[in-house]
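Engineer:
Protein chains: 2
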Amino acid sequence: MPNKTSEEGITAKKDENFSEWFTQVVQRCELADIRYNVKGFLVFQPWSVLAMEKMYGILENNLQKKGHKPYFFPTLIPEENLKKESSHIGGFTPEVFWVTQGGKNKFEERLALRPTSETAFYQMFSLWIRSHKDLPFKAYQRANVFRYETKATRPFLRSREFHWIERHSAHATEKDAFVQVKEDMQTTEEVLQNIFGIPFIFFERPAWDKFPGAYRTFAADALNPDGKVIQQPSTHIISQDFSKAFDVKFKDKDEKEKLAWITCYGPAISRIFASVIITHGDNKGLRFPWEIAPTQIIIIPIDKKLNKKAEQLKKEIEKFASVEIDYSNKRPGEKFNYWEMKGIPIRIDLGLKDLEKKQITIFRRDLNKKELISETNVIKTIQKISAEFTKNLIKQANKVFDNRIKDTKNLSGIKKAIQQGSIARCGWCSVEKDGEKCAEVIEKETGAEVRGTKFDEKNKTSGKCVICNKPAKHVVYIAKSY
Amino acid sequence: MPNKTSEEGITAKKDENFSEWFTQVVQRCELADIRYNVKGFLVFQPWSVLAMEKMYGILENNLQKKGHKPYFFPTLIPEENLKKESSHIGGFTPEVFWVTQGGKNKFEERLALRPTSETAFYQMFSLWIRSHKDLPFKAYQRANVFRYETKATRPFLRSREFHWIERHSAHATEKDAFVQVKEDMQTTEEVLQNIFGIPFIFFERPAWDKFPGAYRTFAADALNPDGKVIQQPSTHIISQDFSKAFDVKFKDKDEKEKLAWITCYGPAISRIFASVIITHGDNKGLRFPWEIAPTQIIIIPIDKKLNKKAEQLKKEIEKFASVEIDYSNKRPGEKFNYWEMKGIPIRIDLGLKDLEKKQITIFRRDLNKKELISETNVIKTIQKISAEFTKNLIKQANKVFDNRIKDTKNLSGIKKAIQQGSIARCGWCSVEKDGEKCAEVIEKETGAEVRGTKFDEKNKTSGKCVICNKPAKHVVYIAKSY
Chain A
1 MPNKTSEEGI
11 TAKKDENFSE
21 WFTQVVQRCE
31 LADIRYNVKG
41 FLVFQPWSVL
51 AMEKMYGILE
61 NNLQKKGHKP
71 YFFPTLIPEE
81 NLKKESSHIG
91 GFTPEVFWVT
101 QGGKNKFEER
111 LALRPTSETA
121 FYQMFSLWIR
131 SHKDLPFKAY
141 QRANVFRYET
151 KATRPFLRSR
161 EFHWIERHSA
171 HATEKDAFVQ
181 VKEDMQTTEE
191 VLQNIFGIPF
201 IFFERPAWDK
211 FPGAYRTFAA
221 DALNPDGKVI
231 QQPSTHIISQ
241 DFSKAFDVKF
251 KDKDEKEKLA
261 WITCYGPAIS
271 RIFASVIITH
281 GDNKGLRFPW
291 EIAPTQIIII
301 PIDKKLNKKA
311 EQLKKEIEKF
321 ASVEIDYSNK
331 RPGEKFNYWE
341 MKGIPIRIDL
351 GLKDLEKKQI
361 TIFRRDLNKK
371 ELISETNVIK
381 TIQKISAEFT
391 KNLIKQANKV
401 FDNRIKDTKN
411 LSGIKKAIQQ
421 GSIARCGWCS
431 VEKDGEKCAE
441 VIEKETGAEV
451 RGTKFDEKNK
461 TSGKCVICNK
471 PAKHVVYIAK
481 SY
Chain B
1 MPNKTSEEGI
11 TAKKDENFSE
21 WFTQVVQRCE
31 LADIRYNVKG
41 FLVFQPWSVL
51 AMEKMYGILE
61 NNLQKKGHKP
71 YFFPTLIPEE
81 NLKKESSHIG
91 GFTPEVFWVT
101 QGGKNKFEER
111 LALRPTSETA
121 FYQMFSLWIR
131 SHKDLPFKAY
141 QRANVFRYET
151 KATRPFLRSR
161 EFHWIERHSA
171 HATEKDAFVQ
181 VKEDMQTTEE
191 VLQNIFGIPF
201 IFFERPAWDK
211 FPGAYRTFAA
221 DALNPDGKVI
231 QQPSTHIISQ
241 DFSKAFDVKF
251 KDKDEKEKLA
261 WITCYGPAIS
271 RIFASVIITH
281 GDNKGLRFPW
291 EIAPTQIIII
301 PIDKKLNKKA
311 EQLKKEIEKF
321 ASVEIDYSNK
331 RPGEKFNYWE
341 MKGIPIRIDL
351 GLKDLEKKQI
361 TIFRRDLNKK
371 ELISETNVIK
381 TIQKISAEFT
391 KNLIKQANKV
401 FDNRIKDTKN
411 LSGIKKAIQQ
421 GSIARCGWCS
431 VEKDGEKCAE
441 VIEKETGAEV
451 RGTKFDEKNK
461 TSGKCVICNK
471 PAKHVVYIAK
481 SY
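So the protein lines, in turn, are chains A and B.
Just so you know, the first sequence maps onto residues 1 to 482 in our numbering.
Just so you know, the second sequence maps onto residues 1 to 482 in our numbering.
1) Where A/Met55 and B/His68 are concerned, what is the direct C-alpha to C-alpha distance, given to the nearest angstrom?
2) Give me the Cα-Cα distance between B/Cys429 and B/Leu259, rounded to the nearest whole angstrom.
3) Counting only beta-carbon separations shorter than 9 Å, does A/Glu95 have a partner in chain B?
4) So, under 8 Å CB-CB, B/Leu372 and B/Gln359 are touching, yes? Tell me the CB distance rounded to an integer number of Å.
5) In chain order, what are the residue ranges of uninterrupted alpha helix (DSSP H) at least 4 long that sit wholly in the stretch 226 to 277 of chain A?
6) Straight-line CA distance for A/Ala139 to A/Phe363?
7) Hey, quick one: how far does the alpha helix (DSSP H) through A/Gly447 stretch, first residue to last?
8) By the criterion of Cβ-Cβ separation under 7 Å, what are the contact partners of A/Asp33 in chain B?
9) Where do the ends of the alpha helix (DSSP H) carrying A/His68 lie?
10) Just to confirm the assignment, what range does the alpha helix (DSSP H) spanning B/Val179 have?
11) Per DSSP, which residues does A/Lys480 bridge with? Please list them.
12) What is the residue span of the alpha helix (DSSP H) that B/Gln312 lies within?
13) Can you tell me whether B/Ala387 is buried or exposed, with buried defined as 16 or more other CB within 10 angstroms of its CB?
14) Show which residues of chain B have a CB atom less than 9 Å away from the CB atom of A/Tyr36.
15) Less than 9 Å between CB atoms is the rule here; does A/Lys104 satisfy it with respect to chain B?
16) Which stretch, first to last residue, makes up the beta strand (DSSP E) that contains B/Gly427?
17) Could you tell me which of B/Gln240, B/Tyr36, B/Lys470, B/Gly351 sits nearest to B/Lys84, measuring between CA atoms?
18) State yes or no: is the C-beta of B/Phe336 within less than 9 Å of the C-beta of A/Thr75?
19) Counting only beta-carbon separations shorter than 9 Å, does A/Val99 have a partner in chain B?
20) Could you check the C-alpha separation between B/Leu223 and B/Arg404 for me, to the nearest Å?
21) Where does B/Glu8 fall in DSSP's three states?
22) Take A/Glu291 and list the residues in its own chain whose beta-carbon comes closer than 6 Å to its own, dropping the five residues that flank it on each side.
23) In chain order, what residues of the same chain have a beta carbon less than 8 Å from the beta carbon of B/Thr93, not counting five sequence neighbours either side?
24) At a CB-CB cut-off below 7 Å, which residues of chain A make contact with B/His163?
25) May I ask you to verify whether the stretch 446 to 466 of chain A touches the stretch 215 to 234 of chain A, counting CB pairs closer than 8 Å and requiring at least 3?
26) With DSSP run on the structure shown, which of helix, strand or coil describes B/Lys13?
27) Please return the same chain residues whose Cβ sits closer than 6 Å to the Cβ of B/His280, not counting the five positions on each side in sequence.
28) For A/Thr453, which beta-bridge partners are listed by DSSP?
29) Name the residues in the stretch 321 to 348 of chain A whose C-beta lies less than 8 Å from a C-beta of chain B; which are they?
30) Just how far apart, CA to CA, sit A/Met1 and A/Lys14?
31) Can you list, in chain order, the residues of its chain whose CB lies under 7 Å from that of B/Ile34, leaving out five sequence neighbours each side?
32) Should the stretch 155 to 174 of chain B be called in touch with the stretch 410 to 421 of chain B, which here means at least 3 C-beta pairs below 8 Å?
33) On the criterion of 16 or more Cβ atoms from any shown chain inside 10 Å, does B/Val431 qualify as buried, or is it exposed?
34) Please report how far the alpha carbon of A/Ile7 lies from the alpha carbon of A/Tyr338, in whole angstroms.
35) With DSSP run on the structure shown, which of helix, strand or coil describes B/Leu31?
36) Could you spell out where the alpha helix (DSSP H) holding B/Ile394 opens and where it closes?
And the structure:
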C-alpha cells in the first residue's frame with residue numbers, strides 16, 4: 001500500500017541536503033512512521049523490519065557460532081540494581097524511564113525500563129558462576145531498550161526505544177577479557193563491514209569518553225554525509241568495580257576466590273540499519289546489500305500476457321533468492337521508480353518485444369545499470385550479480401569513506417577538515433585523563449570530538465600534539481558527532 | 001554448565017505430582033531461572049530460548065506466507081489510547097504496569113507497558129487505511145507484553161512479562177473478518193498441532209467469557225495432566241465499537257464511508273512452550289518435537305579414540321540436522337541421562353566394541369528405544385527417525401487427550417469427569433447471556449467453567465441442558481482452568 005508521497009519518489013539530494021534526504025527515505029520508502037503519539041517512539045514498518053530481522057539472524061548466528069548463548073532477560077530492572085555501581089547509575093539515571101505502578105498499586109521501589117542490562121545480567125552471573133570451569137561464561141540477548149533521550153530524536157539514528165543485541169561475558173583474566181573484545185571487533189568486521197557493507201573505524205575511546213562503568217571502551221564510528229560520525233557497536237572491558245558490586249567471583253585453579261573480568265558488546269540493530277540506509281542510499285532512494293534485502297528480486301511483467309512467464313521465472317529464482325512479481329496497475333515507469341526507491345537489488349523487466357527476441361532486461365541497483373540478456377542466461381546472470389552485488393556496494397562506500405579521512409598538522413588544519421565534513425587525523429599528547437584539556441580546546445574551537453585511537457593503528461606517531469605541542473604519543477581521530 | 005540439580009535428573013513423576021514435575025523440569029533442564037529479583041519476572045535460559053526462537057521462526061514464516069506483514073510497535077501506550085474503548089480498558093486496567101517518569105520528569109499522562117497492542121495498532125490503522133483498496137490490511141508483531149498478574153505466576157504458563165506474536169487485521173465486511181478468524185484457526189492447527197504436536201480444541205467462547213472488546217472470541221484449549229485446561233492462541237472479531245473509537249474507516253466501492261471489521265490473533269510463544277514441555281515431557285524430562293529441538297542429535301563418543309569418528313559423523317549429519325558432540329568428562333551413563341532429560345530427539349552412542357562390529361547404537365527419545373544398527377545405515381536411519389519423530393509424539397499426545405474427553409448427561413456426571421481430570425462434554429441451553437446462570441451453577445458445584453462450543457462441532461446436540469433442563473441448543477465443553 002504505497003502512500004502518496006512514496007509515489008512522488010525521493011526529491012531531496014543526498015549530498016546537498018542530507019537531513020531532508022534521510023527524512024524522505026524513511027517516510028517514502030515506508031520504513032518508519034513517526035506519527036505514533038508518544039514522543040521519540042515510532043512504528044517500524046515492514047520494509048525495515050524485514051531487513052532488520054535478517055540482520056538479527058546474521059548477527060545471532062555469528063555470535064552463536066562463537067559460543068555465545070541466547071537469553072531473554074526481563075525488561076524491568078529494580079532501582080537497587082542500577083544503584084550498585086556508581087558510575088553506571090550516574091551515566092544512565094537521567095535517561096531512565098521509571099515504572100512506579102502496577103494496576104492500582106504504587107511500588108515501594110521504582111523499576112527501570114532497561115536502558116541496558118549490565119545490572120540484570122551480572123546479578124545472575126553471580127548465581128551461575130562458581131568456578132574457573134564455568135568461565136568463559138558467554139551470554140547474549142536480543143532485546144529492545146529504552147532511553148529518555150534529551151537530544152533530538154531521529155528515526156533509527158536515535159529514538160527512545162530501540163532494538164539491539166547485548167552480549168555479556170565473564171572471564172578469568174583481563175587477558176581473556178581482551179581476547180573477547182578483539183573477537184567483538186572481528187564480529188563487527190565480519191557482519192557490519194563484509195555483509196552490511198558499512199565502512200567504519202574501531203576506536204579505543206579516550207579516558208574521558210568511556211561507557212559508564214567501563215575500564216576500557218572500544219567503539220566503531222561510521223561517517224554520515226553531513227560529516228558527523230555515528231557510533232556503531234561498542235565493546236567494553238567492564239570495570240572490576242562492577243564484578244565486585246555484583247559479587248561475580250570464581251574459585252580459580254589455585255583455589256583462591258577471584259573477581260571475574262566482565263565484557264559487554266552492544267550492536268544496535270535499528271541504528272546499524274540507519275547506517276545501511278545512509279551508506280548505500282542514493283538520490284533515487286534505498287539500496288540494500290544483497291543479504292539483507294527484504295526482497296532481492298522483483299519481476300515486472302510489462303504485459304499481462306507475460307504473467308505466466310513471470311510465474312515460471314519466479315519458481316526458478318525462488319530456489320536461491322527471494323522474489324516477488326509486481327502485478328499492480330501502475331505504469332511500468334512508475335513501477336521502475338518505485339522499486340528503485342525501495343532498494344531492491346535486481347529488477348527483471350519482461351517485455352513482449354524483448355521476449356520475441358528471447359531476451360530479458362535486468363536492472364541492477366548496485367551499478368544502476370540495465371542489461372539486455374539472452375533468456376537462457378537469466379539465472380546464471382542473476383547468480384553472478386548476486387555474488388558481486390554487496391562487494392560493489394562496499395567498494396563504492398569505502399571510496400567515499402577513505403577520501404574523507406584527512407591528515408592534519410595543526411588546529412587550522414583540523415578546522416578545515418571538519419568544515420569539509422571529514423574526519424581529521426593528527427598527533428596527540430595523551431588519551432588518559434591529562435589529555436582531556438586539549439580535547440576541550442578542540443571541542444570549543446571546532447565543535448568536534450576526539451574519537452580515540454584506532455585499534456591496530458598502522459600510521460606512525462610523529463611530531464607533536466596539535467594543541468599543547470607536547471610530544472605526540474598517539475595518532476587520534478577527530479570528528480563531529482550526533 | 002549443568003547445575004547440581006540438573007545432574008540429579010527429574011525425580012518427580014509427571015502423573016503423580018505434575019506441579020513438582022513441571023518445576024523440576026524448568027529448573028533442572030535449565031529452561032528458566034526464577035531467582036531474578038522482580039516478582040513474576042524470570043530469566044529465560046538458552047535451552048528454552050533456542051526452542052522458542054525456532055517456534056517464532058515457524059509461526060512468522062507461516063503468517064508471512066499468508067500475507068501478514070511484520071511491524072515493531074512501541075512498548076509504551078498512552079493511557080488515553082487505552083481509555084478509548086471502555087470494555088478494553090475495563091478488562092486490562094487492573095493489570096497494567098504504568099510508566100510515570102522519565103529521568104527526573106514526571107509525566108502528565110501515564111504510559112502503559114503494553115498488556116496487548118490493539119490500542120496502538122488501531123490508531124495507526126486509522127492513518128494507514130483510506131479505501132477498500134487498502135483492505136484487507138494485515139499486520140503483526142513479535143513482542144513482549146506485560147501484565148501485572150494478581151494470580152500466582154508459573155514459569156512459561158503465566159508470568160508478568162511474556163513473549164508472543166500479535167496479529168491485527170482490518171477487513172471490509174464481517175464475512176471477511178470471519179475468513180481471517182478461520183485462517184487463524186487453520187494456522188494454529190498447522191503450527192501448534194502439526195509441528196509442535198500439541199492437541200487442543202478450538203472453542204468459541206460463550207458470551208460471558210469474551211476478550212475485553214471482542215464481538216466474537218475463539219480460543220484453543222490444551223489440557224494438562226492435572227486436568228486443567230490452558231488457553232493457547234485466541235482469535236477475535238473485535239467489536240466495531242473499537243473501529244469507531246479509533247476511527248478505522250474506509251471508503252467502500254459504493255463511495256460510502258464504512259467502519260472496518262477488525263480481527264486479532266495472539267499466539268503466546270512462551271506459553272505455547274509450556275504446552276510443549278507438558279504435552280511431550282515424561283518422567284525422564286523433556287522431549288522436543290523434531291523441528292524445534294535446540295539440538296536435534298547428540299553424539300557421545302564413549303572412548304576418546306572415537307573422537308575423530310564422532311567428528312566425521314557430525315560433518316555428515318550437519319548437512320540436514322543440528323548436531324553436537326558431548327566431550328565432557330562425565331561417565332557415559334550420566335551423559336545418557338542428561339541428554340534424555342534435556343529432550344534431544346536422537347542420541348548416537350559410539351562404542352569401541354560396537355564399532356569393531358561396524359555397528360552404532362542409536363537412542364530415539366520418541367519411543368525411548370535403543371537400536372543397534374549397521375554403520376552404513378546410520379544416516380538413512382536418522383533421516384527415517386527424523387521424518388516420523390514428531391508424528392510419534394503427536395500420536396502419543398492425541399491418545400492421552402482424546403481419552404480425557406467424557407460425554408456427560410448430568411451434573412453428577414460432570415463432577416465425576418472433572419474429578420478424574422477430564423473435560424466434560426454435554427448439552428447446553430444457551431451460550432448467549434441467558435446461559436450464564438447455568439454456567440454459574442457449574443462453576444459453584446464443580447469449580448469448572450464452560451469453555452464454549454467446539455468450532456465445527458461434529459457431535460450432535462440432543463436432549464436437554466444439563467443444568468436447567470431446557471432443550472439443549474449446543475454441545476459445550478466444561479473444564480477447570482488456571
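From the three backbone atoms N, C-alpha and C, an ideal C-beta is built for every residue, glycine too.
Remember, it's a predicted structure, so these values are computed and weren't measured experimentally.
Structural biologist: In short:
1) 20 Å
2) 33 Å
3) yes
4) 5 Å
5) 240 to 245
6) 43 Å
7) It is not in any alpha helix (DSSP H) - A/Gly447 carries neither H nor E in the DSSP assignment.
8) Met124
9) Note, A/His68: premise wrong, no alpha helix (DSSP H); not H, not E.
10) 174 to 188
11) A/Lys228
12) 307 to 317
13) exposed
14) Phe73, Pro74, Ala120, Gln123, Met124
15) yes
16) 423 to 428
17) B/Gln240
18) no
19) yes
20) 9 Å
21) helix
22) Ile195
23) Leu82
24) Phe72
25) yes
26) coil
27) Arg287, Leu393
28) A/Glu204, A/Val476
29) none
30) Its pLDDT being 47, under 50, A/Met1 is placed unreliably by the model, and the measurement read from it follows with that caveat. If you take the alpha carbons of A/Met1 and A/Lys14, they lie about 25 Å apart.
31) Leu42, Pro155
32) no
33) buried
34) Note on residue identity: the sequence assigns Glu, not Ile, to residue 7 of chain A. Taking the straight line joining both Cα atoms gives about 7 Å.
35) coil
36) 378 to 402
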